[in-house]
Structures are given as C-alpha cells and as structure tokens.
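Chains A and B supply the protein sequences, listed in that same order. Just so we're aligned: the first sequence equals residues 2 to 224 in my numbering. Just so we're aligned: the second sequence equals residues 2 to 224 in my numbering.
2 protein chains.
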Amino acid sequence: MRLVIARCSVDYAGRLSAHLAEAVRLIMVKADGTFLIHAESSHRPLNWMTAPCSLVVVSTDEEPDVWTVTNKRGETLTITMLEVLHDSDHDLGVDPGLVKDGVEAQLQELLAAQVELLGEGWRLVRREYPTAIGPVDLLCKDVDGVSVAVEIKRRGEIDGVEQLTRYLELLNRDPLLAPVTGIFAAQEIKPQARTLAEDRGIRCVVLDYDVMRGVDDPDTRLF
Amino acid sequence: MRLVIARCSVDYAGRLSAHLAEAVRLIMVKADGTFLIHAESSHRPLNWMTAPCSLVVVSTDEEPDVWTVTNKRGETLTITMLEVLHDSDHDLGVDPGLVKDGVEAQLQELLAAQVELLGEGWRLVRREYPTAIGPVDLLCKDVDGVSVAVEIKRRGEIDGVEQLTRYLELLNRDPLLAPVTGIFAAQEIKPQARTLAEDRGIRCVVLDYDVMRGVDDPDTRLF
DNA sequence: CCGTAAATGTCGTCG
DNA sequence: CGACGACGTTTACGG
C-alpha cells in the first residue's frame with residue numbers, strides 16, 4: 002500500500018463530474034489497484050477509483066505530475082500533484098478477512114430452524130420461497146395449514162413492510178396458496194413500521210438473537 | 002491525520018459483532034476523530050468508527066497496546082496493536098470540498114422542457130407539484146387534459162415505483178385532478194421495477210440523456 | 001455477467 | 001432526533 006500526502010487538485014469524470022480544488026490530501030493506492038483520496042474529515046473518501054483500473058503518470062520538467070486513473074467503464078480520476086509531502090510504501094500482505102456475527106442471513110437461518118417461535122405447531126415450507134418479484138425469506142404453514150409469509154430484517158423499517166406487502170399481494174393471487182398472511186420479524190421494529198404493518202394486518206415479531214442462538218447452540222443449551 | 006501501519010487484531014461490537022484476526026493493516030485517524038482500518042484490497046475499510054468518538058489507549062509493559070474507540074451509541078472498536086511498523090502524522094488542513102455536477106436534477110429540467118417526449122400534445126402543469134407527502138417531479142396533462150404524474154430517476158428501481166404509487170394515491174383523492182395516471186421515467190429501468198410499475202398501470206419511459214440534452218443544446222442542434 | 005437484496009451502509013434535508 | 005431519499009452507493013449472492 003502506497004501512502005502519498007500531497008497538495009493536489011482532483012477531477013473525476015464518470016457517472017458524474019466532480020472537482021476538488023487544490024489542497025493537501027492523502028492519496029492511498031492499494032495493492033489491488035484501488036485509489037482512495039481522503040481529507041481530514043468524513044468516513045468516506047472524497048474521490049476514489051475501484052480496481053480494476055490503470056494508472057498513467059505524466060511527468061515533465063515544468064508542469065506538476067498528473068496521475069490519470071482509468072477503469073474499464075471509461076471513468077477517469079485525474080490527480081494533479083502540486084507538491085508531494087510524504088510518500089511511503091508498505092506491504093500489508095493478504096488480510097484474513099472480516100468475520101461477522103448478527104447479520105440477517107443468520108437470523109433467517111435461526112428462525113427457519115425454529116418456526117415454532119412464531120406459533121405452536123407451525124412448520125417451514127421453504128426458505129427463499131420464489132415469487133415473480135423476488136424470494137420471500139420464509140414461507141410457513143400454521144397449525145391449521147394456512148400459509149404465512151415471513152420477512153426477516155435486522156432492523157425493521159418501513160421499506161421492509163412494503164417489501165412484504167408486495168410479496169403478499171403476489172402470493173395471494175396463487176389459488177393454491179391463498180389466503181396468505183404475513184409476519185414481519187426483526188431484532189428491532191421501528192414504531193412507524195409497526196404501525197404500517199399492523200394497519201395492513203401483518204403481525205410483528207421481535208426476535209431475540211441471543212435467545213435464538215442459544216436454542217441452537219449445544220454449548221449453551223440447558224437440556 | 003495519523004497513519005499507523007501495524008500488525009493488529011480488531012473487534013467491533015455495535016450494530017453487529019465483527020472480528021478481524023491478526024494481520025498488518027493501515028489504521029487512519031483523522032483530525033475529526035474518524036477511525037478507519039484498511040487492508041490491501043477493497044474500496045471500503047474493514048472496520049471504522051465515525052466521529053464523534055473517543056479513544057482510550059491502554060499501555061502496559063507486558064501486553065500489547067489496546068486502543069478502544071467508543072461512540073455515543075455505545076458501539077466499540079477495539080484494536081490490539083501487536084507491532085507498529087509505521088506511525089506518522091500529517092496536517093492536511095481543511096478541505097475546500099467537492100464540487101459535483103449531478104445528472105438527476107438535469108434530467109428533470111430537460112424532461113420538463115420536452116414533455117412532448119411523453120406524448121403528442123402533452124403540456125407541463127408544473128415541476129415539483131406539491132402533495133402532502135412531498136413533491137411530484139412533474140405534473141402534466143395529456144392531449145385530452147387527463148392528469149399524469151411523472152416520477153424521474155436516474156436509475157429506476159422498485160423504491161421509485163413505490164414512491165410514485167404513494168403520490169398517485171394522494172393525487173387521485175383530489176376530485177379536481179382525478180383520475181391521475183402515472184409515468185415512471187428513468188435512464189435505466191430495472192426489470193423488477195418495470196414489472197411492478199406495469200402491474201400497477203404505471204407506464205415506463207426510458208430517457209436518453211444525450212438525446213434530451215442534444216435537443217436543448219444549441220451547439221449540437223441540427224436546425 | 002446480470003439481477004436482486006443487504007449494509008455497522010453514509011450523507012444530506014426537512015420536520 | 002427521526003424519517004426519507006439519493007448515492008459515482010458498495011458488496012455479496014444466485015441464476
């Protein structure tokens with residue numbers, strides 16, 4: 002990874018046009034070819050170019066160096082290097098990568114294995130039940146054999162209710178399934194989302210990740 | 002901006018749990034307090050903490066230094082500094098900021114000036130036509146005087162169809178306007194969005210930015 | 001490679 | 001502070 006601190010101006014031309022006036026910034030060049038330009042504030046880079054892309058440096062006696070980074074879509078990032086204040090290179094090696102815990106995929110997996118949390122005698126028909134506009138997280142049948150579509154979110158917001166509503170509309174057109182009711186299940190459900198869901202006859206269920214994981218985890222099981 | 006290259010392990014506990022095994026990484030500490038941890042690939046940091054947040058360093062003779070970064074939501078980023086390979090500080094000053102020349106606003110402007118692209122004899126009632134839940138991009142009348150609400154996007158996805166649907170529902174409650182039909186106009190329309198729109202009786206129109214600009218641009222005009 | 005949904009999304013603006 | 005929409009969203013996953 003190459004780290005350059007330089008007084009520079011930057012232009013991006015691609016999906017939009019953007020210009021950065023002359024100032025001191027960090028230019029990060031990663032081993033995979035990614036370019037990032039950072040200032041002293043904000044989480045996000047001011048400008049960037051994702052790999053794969055190619056760098057052309059134009060260097061003359063009189064003019065400042067100009068770096069032109071181009072990708073396959075024809076987008077360009079042009080960096081005019083007015084003054085280089087620092088330039089160092091570091092070999093970081095390959096990163097073992099991030100291990101995540103608590104994302105939606107795990108919630109779905111856990112709930113699929115414990116649909117009885119939703120109701121006594123319920124059973125899972127399938128995960129990722131397909132519809133014309135995309136898969137429903139879970140399709141279940143309650144104890145009376147009535148179909149229930151379940152949308153699972155980590156954070157339950159209004160978009161998720163809309164998503165489930167679309168699925169329900171489609172599923173209810175299938176005479177073999179109809180009537181299909183809905184459950185909106187999330188670790189946290191925003192009041193506005195709950196209001197909308199209940200207004201549409203969709204039941205809201207708050208999931209306790211630790212409890213669900215505990216039931217599935219032999220180490221913490223009590224019996 | 003402080004740049005540290007170090008062999009480290011990292012844990013994040015907050016909206017989810019994430020763990021990074023021991024490896025060499027860049028730790029960037031910005032003047033505003035933002036922390037970013039980068040590896041040799043990917044545009045995005047492996048881990049981060051956005052300002053405002055506070056840093057506590059625990060340093061002992063025997064154990065490696067541990068940096069604990071905490072924000073107001075109680076999320077924590079814990080960096081165990083096993084070996085520091087580089088540590089430098091740079092004063093970048095305040096950045097003049099990014100100047101963007103966007104596309105979306107121009108699309109609305111261009112289509113407003115060329116509503117006849119939507120249909121022969123159509124006319125514009127107004128841009129940003131107000132409703133209780135926000136303004137509709139364009140309100141037009143077709144050649145028969147029937148109202149049409151137009152939602153414009155650069156990329157037409159399902160959210161945009163939902164947005165237009167909500168507007169249409171409200172506009173159709175106004176007896177002076179009803180019936181109001183809808184047009185979903187975008188440079189690119191995703192199949193799923195098109196399916197949903199057409200299912201709801203909303204017409205989809207793909208906009209050609211270059212052609213629309215050409216008509217308006219005296220330099221490229223043919224007559 | 002395209003399409004779809006998730007994200008510690010982030011970042012504005014507006015109540 | 002929360003809701004909502006835009007973003008050069010980026011990223012992961014499946015067909």
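C-beta atoms are modelled at their ideal positions from N, C-alpha and C, and glycine is treated no differently.
Option nearest residue i by Cα separation, candidates the options
| i | options | result |
| --- | --- | --- |
| Ala186 (chain A) | A:Pro176, A:Thr51, A:Leu165 | A:Leu165 |
| Ile190 (chain B) | B:Gly161, B:Leu177, B:Thr77 | B:Gly161 |
| Asp145 (chain A) | A:Glu121, A:Pro65, A:Met50 | A:Glu121 |
| Tyr13 (chain B) | A:Leu99, A:Asp143, A:Val67 | A:Leu99 |
| Arg74 (chain B) | B:Gly15, B:Ile38, B:Glu129 | B:Gly15 |
| Cys205 (chain A) | A:Val212, A:Thr196, A:Asp211, A:Met213 | A:Thr196 |
| Met50 (chain A) | A:Trp123, A:Glu63, A:Trp68, A:Pro176 | A:Trp68 |
| Arg155 (chain B) | B:Tyr210, B:Tyr130, B:Gln115 | B:Tyr210 |
| Val147 (chain A) | A:Tyr130, A:Arg124, A:Thr35 | A:Arg124 |
| Val30 (chain B) | B:Ser43, B:Leu78, B:His44 | B:Leu78 |
| Gly215 (chain B) | B:Ala114, B:Asp143, B:Pro53 | B:Ala114 |
| Ser89 (chain A) | B:Ala198, B:Thr35, B:Leu4 | B:Leu4 |
| Asp143 (chain B) | B:Glu117, B:Glu76, B:Glu199, B:Pro46 | B:Glu117 |
| Asp96 (chain B) | A:Tyr130, A:Ile38, A:Glu76, A:Pro53 | A:Ile38 |
| Met213 (chain B) | B:Arg128, B:Gly202, B:Pro176, B:Leu119 | B:Leu119 |
| Glu76 (chain A) | A:Glu63, A:Ala52, A:Ala198 | A:Ala52 |
| Leu93 (chain B) | A:Ile203, A:Ala198, A:Ile6 | A:Ile6 |
Endpoints, beta strand (DSSP E) assigned at residue i
| i | result |
| --- | --- |
| Ile153 (chain B) | 148-157 |
| Ala14 (chain A) | 3-14 |
| Ala186 (chain B) | 181-190 |
| Ser18 (chain A) | 18-30 |
| Asp62 (chain A) | Here Asp62 (chain A) belongs to no beta strand (DSSP E), and DSSP marks it neither H nor E. |
| Asn48 (chain A) | 48-50 |
| Glu76 (chain B) | Unbroken run through Glu76 (chain B): none, as it is neither H nor E. |
| His39 (chain A) | 36-39 |
| Arg204 (chain A) | 204-207 |
Within 8 Å, strictly: CB atoms of residue i and residue j
| i | j | result |
| --- | --- | --- |
| His87 (chain B) | His20 (chain A) | no |
| Arg8 (chain B) | Ala22 (chain B) | no |
| Leu208 (chain B) | Gln188 (chain B) | yes |
| Leu108 (chain B) | Val126 (chain B) | no |
| Asn48 (chain A) | Val11 (chain A) | yes |
| Leu17 (chain B) | Gly103 (chain A) | yes |
| Gly2 (chain A) | Leu27 (chain B) | Checking the displayed sequence, the identity of residue 2 (chain A) turns out to be Met instead of Gly. In this structure, Leu27 (chain B) lies closer than 8 Å to Met2 (chain A) by Cβ. |
| Leu112 (chain A) | Ile159 (chain A) | no |
| Ile184 (chain B) | Val149 (chain B) | yes |
| Asp66 (chain B) | Val59 (chain B) | yes |
Assumed close pair residue i, residue j - CB separation to whole angstroms, cut-off 8 Å
| i | j | result |
| --- | --- | --- |
| Glu163 (chain B) | Glu163 (chain A) | 6 Å |
| Ala32 (chain A) | Glu41 (chain B) | 4 Å |
| Leu172 (chain B) | Thr132 (chain B) | 6 Å |
| Leu169 (chain A) | Val181 (chain A) | 6 Å |
| Thr71 (chain B) | Ser55 (chain B) | 6 Å |
| Ile174 (chain B) | Ile134 (chain B) | Looking at the sequence shown, residue 174 (chain B) is not Ile but Arg. Wrong, their Cβ atoms sit about 12 Å apart, outside the cutoff. |
| Ser43 (chain B) | Thr35 (chain A) | 7 Å |
Cβ-heavy atom distance, residue i to the ligand GDP, below 7 Å
| i | result |
| --- | --- |
| Glu199 (chain B) | For the structure depicted, the ligand GDP is absent and the ligand set is empty, with no information on it obtainable. |
Every unbroken alpha helix (DSSP H) inside the stretch 100-150 of chain B [4 residues or more]: 105-113
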